[in-house]
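Heads up, the sequence shown is in the numbering used here, so the first residue is 217 and it goes up one at a time. Virtual Cβ for every residue (Gly too), placed ideally from N, Cα, C. For clarity, every value in this text was computed on a predicted model and none was experimentally measured.
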Amino acid sequence: MTASTINKSRRQLVSIHEAFRTLEGDGFEVRRAIPSDAYEAIGPFIFLDQFGPIDVRPGEAKGASAHPHAGIETLTLLLEGSQTHKDSLGNTSSMLPGEVQWMRAGRGVVHDESPDEQLRREGGHVHGVQLWINMPKGTKHGEPAYRHVKASEIPTVTADEGRVVARLVAGSLGDLQGPIATSGAPFVVHASLRDGARAELPASSPAELGLYVMVGAVRVGGDERRLEAGQLGRLTAGDSLEIAATANSEILLVGGDPLDAPILRHGPFVMNSIDELERAVRDYHAGRMGRIAA
């Protein structure tokens, strides 16, 4: 991640958008940066919720108990805390800081994302992000699938004498490839930057790209405007991205190929037509998306 390895044009900041606060799951607060009134998606990403960072007291941790999805893929990055995943495919796994869970809902799956017993009992610090990746037209009724990615499977690069650490979850950075590869050419990088740190990242692969600030504040490409916590910046096309931190910061880069068809949303179901949405609702209520084993 040095200037000598990057050429052509730098991406620039086009516009800044404030995430809004809402309640999700069993009543925990999130900041939602995608979608917004100004855009429906960034690349294939049609949903970005940040939960935390927050300290929860013993007995107060909340999650998202059993609920369905169809027509999308979910991608959860846990930065702090711990949680347990269960689904109607029979998967059960415990998620720790630095780990990622990917689930293709396809024709329909039910899953439960809850704090683990230790977090419920003792409380602790919780922080993470959930993304939804839209499934392309004609594939939304595919077979569901699930993958748990350990922190050790995620490539890491550093810059500015270690003051910038970037984890490549999906897509490519130079010769590195992230562990999550699916339709829409998703690009996801989680980066930690110390106050005053600078980095230039190769960023030619995603057709569309956004930068979301989870903690702290950064500037992009010499622009005097600051992107602060809870804000998403939409970026121009280009081959690289220059970032400068003005505080200790945690950021998320998300992008990829634009949507291939109009989308229709109904809660946890995302399809391309009313008929498909109605089918998903019928399938769920008829039990065809399965149930989570007790």
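Gly-314 versus Gly-344: straight-line alpha-carbon distance, rounded: Taking the straight line from one Cα to the other gives about 9 Å.
Through-space distance from Gly-446 to Ala-277, alpha-carbon basis: C-alpha separation (whole angstroms): 22 Å.
Any C-beta of chain B under 8 Å from that of Leu-295: The structure shown contains no chain B; it holds only a single protein chain.
Assumed close pair Thr-452, Arg-435 - CB separation to whole angstroms, cut-off 8 Å: Here Thr-452 is actually not in contact with Arg-435; their C-beta atoms are around 15 Å apart, not less than 8 Å.
Chain-order list of residues whose beta-carbon lies under 6 Å from that of Arg-320 (same chain, five-residue window excluded): Shown here for Arg-320: same chain residues with a beta carbon closer than 6 Å to its own, the five before and five after excluded, namely Glu-289, Pro-360, Ala-361 in chain order.
Beta-carbon separation (whole angstroms), Val-326 vs Met-505, contact threshold 8 Å: Yes, they are in contact, since the Cβ atoms of Val-326 and Met-505 sit about 5 Å apart, within 8 Å.
Within the region 316–384, ranges of the alpha helix (DSSP H) (whole runs, at least 4 residues): Restricted to the region 316–384, the alpha helix (DSSP H) segments that are unbroken, complete and at least 4 residues in length are 333–338, listed in chain order.
Spatial neighbours of Arg-383 in its chain, beta-carbon cut-off 6 Å, leaving aside the 5 residues before and after: For Arg-383, where only same-chain residues beyond five positions count, the Cβ hits under 6 Å are Ile-370, Thr-372, His-406.
For Ile-500, the three-state DSSP class (helix, strand or coil): As written in the sequence, residue 500 is Tyr, which differs from the Ile given in the question. Tyr-500: helix per DSSP, three-state reduction.
Inter-residue spacing [alpha-carbon to alpha-carbon] between Asp-491 and Arg-273: One Cα belongs to Asp-491, the other to Arg-273, and the distance between them is close to 44 Å.
Met-505: first and last residue of the uninterrupted beta strand (DSSP E) it sits in: Neither: Met-505 is in no beta strand (DSSP E) and is coded neither H nor E.
Contacting residues, own chain, Cβ-Cβ under 6 Å from Glu-458 (five flanking each side not counted): Leaving aside the five residues that flank Glu-458 on each side, the residues in its chain whose CB is nearer than 6 Å to its CB run, in chain order, Arg-226, Glu-416, Gly-437.
Environment of Ser-330 [buried if 16+ CB atoms lie within 10 Å]: With 16 or more Cβ atoms within 10 Å of its Cβ, Ser-330 is classed as buried.
As assigned by DSSP and simplified to three states, the class of Glu-494: In the three-state reduction of the DSSP assignment, Glu-494 falls in the helix class, which pools H, G and I.
Buried versus exposed call for Glu-466 [16 or more other C-beta atoms within 10 Å across all chains shown]: By the neighbour-count criterion, in which a residue is buried when 16 or more other Cβ atoms sit within 10 angstroms of its Cβ, Glu-466 is buried.
Gly-287, enclosing beta strand (DSSP E) - first and last residue: Annotation for Gly-287: no beta strand (DSSP E) segment contains it, and DSSP assigns it neither H nor E.
DSSP state of Thr-462 mapped onto helix, strand, coil: In this structure, Thr-462 counts as coil in the three-state DSSP scheme.
Supposed close pair Val-365, Leu-469 - CB separation, criterion 8 Å: Not quite, the Cβ-Cβ distance comes to about 17 Å (not below 8 Å), so this is no contact.
Environment of Gln-317 [buried if 16+ CB atoms lie within 10 Å]: The residue is buried, with at least 16 neighbouring Cβ atoms inside 10 Å.
Buried or exposed by the 16-neighbour rule on C-beta atoms within 10 Å, applied to Gln-393: Exposed, because fewer than 16 other Cβ atoms sit within 10 Å of the Cβ of Gln-393.
Beta strand (DSSP E) segment containing Lys-278, residue limits: In the DSSP annotation of this structure, Lys-278 is not part of any beta strand (DSSP E), being labelled neither H nor E.
Burial state of Val-230, where buried means 16 or more other Cβ atoms lie within 10 Å: With a 10 Å radius around the Cβ and a threshold of 16 neighbouring Cβ atoms, Val-230 comes out exposed.
Residue environment, Leu-474, which counts as buried when at least 16 other CB atoms sit within 10 Å: The sequence given here places Pro at residue 474; Leu does not occur at that position. Around the beta carbon of Pro-474, fewer than 16 other beta carbons sit within 10 angstroms, so the residue counts as exposed.
His-341 to Pro-269 span [Cα, whole Å]: Computed Cα separation, rounded: 7 Å.
C-alpha gap between Arg-323 and Arg-441, whole angstroms: Cα-Cα distance, rounded: 43 Å.
Per-residue DSSP class, three states only, for Gln-228: In the three-state DSSP reduction, Gln-228 falls in the coil class, being neither helix nor strand.
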